[in-house]
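Comments concern the structure below.
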Amino acid sequence: MAGYTERIRQTDRAAAADLQREVRANSTMGAVLGALGMSLAVALVVAIVGATGNIRAVTNVSAPAPTVATPADPALVTAPTKLQPAKPATLSAIGASAAAVPARIERTGPATVDIRLETKEVVAEVSPGETYAYWTFNGTVPGPMLRVRVGDTVNLTLANDAGSAWPHSIDLHAVNGPGGGATSTQTASGKETSFTFKALNPGLYVYHCATGPIPQHIANGMYGLILVEPEGGLPAVDREYFVVQSELYTNAAKGTAGHHEFGYQKLLDENPDYVLMNGSVGALTGKGAMTAEVGETVRIFYGVGGFLPSSVHLIGEIFDRVYLEAGSAVNTNVQTTFVPAGGAAMVEFKVDVPGTYLLVDHSLGRLDKGAVAQLVVTGPEDPTIYSGATQGGGH
Ligand SMILES: [Cu+2]
5 MAGYTERIRQ
15 TDRAAAADLQ
25 REVRANSTMG
35 AVLGALGMSL
45 AVALVVAIVG
55 ATGNIRAVTN
65 VSAPAPTVAT
75 PADPALVTAP
85 TKLQPAKPAT
95 LSAIGASAAA
105 VPARIERTGP
115 ATVDIRLETK
125 EVVAEVSPGE
135 TYAYWTFNGT
145 VPGPMLRVRV
155 GDTVNLTLAN
165 DAGSAWPHSI
175 DLHAVNGPGG
185 GATSTQTASG
195 KETSFTFKAL
205 NPGLYVYHCA
215 TGPIPQHIAN
225 GMYGLILVEP
235 EGGLPAVDRE
245 YFVVQSELYT
255 NAAKGTAGHH
265 EFGYQKLLDE
275 NPDYVLMNGS
285 VGALTGKGAM
295 TAEVGETVRI
305 FYGVGGFLPS
315 SVHLIGEIFD
325 RVYLEAGSAV
335 NTNVQTTFVP
345 AGGAAMVEFK
355 VDVPGTYLLV
365 DHSLGRLDKG
375 AVAQLVVTGP
385 EDPTIYSGAT
395 QGGGH
């Protein structure tokens, strides 16, 4: 064993000596280069010339990188640190109230229904001190929730405000017909158009503007929901709310004071600055929160008006029933339901315990971009169901 150990020591000493020689050589080379004022790149060229004598190789190695053309509008690519000042808001609030759901349809047969919508371009705060030029249906984001019954004949009129800089239109996913109505409703400012459709399929559908560039019109706020009630109507519940998730793609991050301009490159990259429920930061929290009493059943009509699919989750509750993709199939006992872009879901649940519940997209980074709503439940506690604190964290 002693002989073996000694061989190891000798090997170690030899390796240490090699290492010391290498370090000395490198520091000598560094000192020489430093004294000659040579950069490492130049030294590399010298080394290659020395090794190969090939001037062409040197030319290739030392050639500068190809010049990349400067983008025409750097603001679309690089977020400025400072924005133009916030613009005066033309509306006090842009976000539609979650409670603005039309009443349940009680009639037992189909009817002819007249719906009139007005497209309007406005400036509003997405958050205090942060303004954005929204494009809207009826001056809110999302646009108003519409409610008809299967078999109804719908006469839809679209008026475009005289102050609009752009033409607008409407494509309702509830329509069977070309463009969902968009081919009939390309409407110049100050004009109006109309078309008629029969609501053949029950369910909850997204509607949106379909005037080019369509992604820009949608991103600026032009979407909403239309419910086509089934025969006999949806089951009665105590409360109904509607929530539409969407994004804003601007030229600065959420929280940057000033006027945010539309940022098309961020839309292409699917990298929004804001992810919102009902159009603005905090639209559905605090004074805008949904409310319910212990023991009540709640239905939320949930749509995705923007481009990011959503994993809809109510922290501390379980959806007793989910109308998958807002069609006719019902799943039960669901923790998180998936809503695709341009799609919707209807969720129903009974609230058992008082407290503040957060409705989120479980891609939770989006919470910091604004995607959160509150449901405030009041009433007596029930320690047989839950005996812990009723306020505080979660996730
Ligand atoms: Cu539009």
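Here the sequence shown stands for residues 5 to 399, numbered as in this note's numbering. Where is the CB? At the ideal position from N, CA and C, for every residue including glycine.
Going by DSSP in three states, V210 sits in which element: helix, strand or coil? strand
Report yes if the CB atom of Q249 is closer than 8 Å to the CB atom of G320, and no otherwise. no
In whole angstroms, what is the alpha-carbon distance linking V376 and Y227? 19 Å
Let me make sure I understand the geometry here. Which of A102, V117, E129, D118 has the alpha-carbon closest to that of H263? E129
Any heavy atom of ligand 1 closer than 7 Å to the CB of M350? no
Excluding the five sequence neighbours on either side, which residues of its own chain have a C-beta within less than 6 Å of the C-beta of V338, listed in chain order? F323, V326
Let me know if E134 comes out buried or exposed under the rule of 16 or more other beta-carbons within 10 Å of its beta-carbon. buried
H264: first and last residue of the uninterrupted beta strand (DSSP E) it sits in: 262-264
Do you know whose CA, among R370, D386, G347, T336, lies nearest G359's CA? D386
Residue range of the alpha helix (DSSP H) that includes L162: From DSSP, L162 is part of no alpha helix (DSSP H) but of the beta strand (DSSP E) over 157-164.
Where does I389 land, buried or exposed, given buried means 16+ other C-beta within 10 angstroms? exposed
Please determine whether the Cβ atom of M226 lies at a distance below 7 Å from any heavy atom of ligand 1. yes
Assess contact between the region 287-299 and the region 260-275, defined as three or more Cβ pairs (one per stretch) separated by less than 8 Å. Is contact present? no
Indicate, with yes or no, if ligand 1 has a heavy atom lying under 7 Å from the CB of T189. no
Quick one: measure Cβ to Cβ for V364 and T341, integer angstroms, because I've assumed they're closer than 8 Å. Their Cβ separation, rounded to whole angstroms, is 12 Å, which puts V364 and T341 out of contact at 8 Å.
Three-way DSSP call (helix, strand, coil) for E329 in this model: helix
Give me the residue from V355, R303, P106, H366 with the minimum Cα distance to S314. H366
Which residues in the same chain have their Cβ closer than 6 Å to the Cβ of Y244, if we skip the five residues on either side of it in sequence? Sequence inspection shows Glu at residue 244; the Tyr mentioned does not correspond to that position. The answer, listed in chain order, is V105, R303.
With which residues is R303 paired in a DSSP beta bridge? E244, E352
Is the beta carbon of T215 within less than 7 Å of some heavy atom of ligand 1? yes
If you reduce the DSSP assignment to three classes, tell me which class R60 lands in. Confidence at R60 is low in this model, with a pLDDT of 34, below 50, so the placement of that residue is unreliable and no value is reported for it.
Check each candidate in G167, N180, A256 and name the one with the smallest Cα separation from T200. N180
Hey, how far is the Cα of L208 from the Cα of G346? 11 Å
Could you have a look at H317 and say whether DSSP puts it in helix, strand or coil? strand
Kindly indicate which residue of A349, L371, D165, S198 has the alpha-carbon position closest to the one of D118. S198
Please state the DSSP three-state secondary structure of H172. strand
How many whole angstroms separate the CB atoms of I98 and V152, which I take to be in contact at a CB cut-off of 8 Å? With 8 Å as the limit, I98 and V152 do not qualify as a contact, their Cβ atoms being about 26 Å apart.
Report the three-state DSSP secondary structure of A100 (helix, strand or coil). coil
Collapsed DSSP secondary structure at Y138 in the structure displayed: strand
Roughly how far, in whole angstroms, is the beta-carbon of E300 from the beta-carbon of T382, given that I think they are within contact range, below 8 Å? Their Cβ separation, rounded to whole angstroms, is 10 Å, which puts E300 and T382 out of contact at 8 Å.
Exposed or buried, what is T336 when buried is set at 16 or more other beta-carbons lying within 10 Å of its beta-carbon? exposed
If you draw a straight line from the C-alpha of V351 to the C-alpha of A103, how long is it? 15 Å
Mind checking which residues open and close the alpha helix (DSSP H) that includes Q220? 218-223
Excluding sequence positions up to five away, which residues of its chain have a Cβ less than 7 Å from the Cβ of E235? V154
In angstroms with no decimal places, state the Cα-to-Cα distance between K258 and Y138. 16 Å
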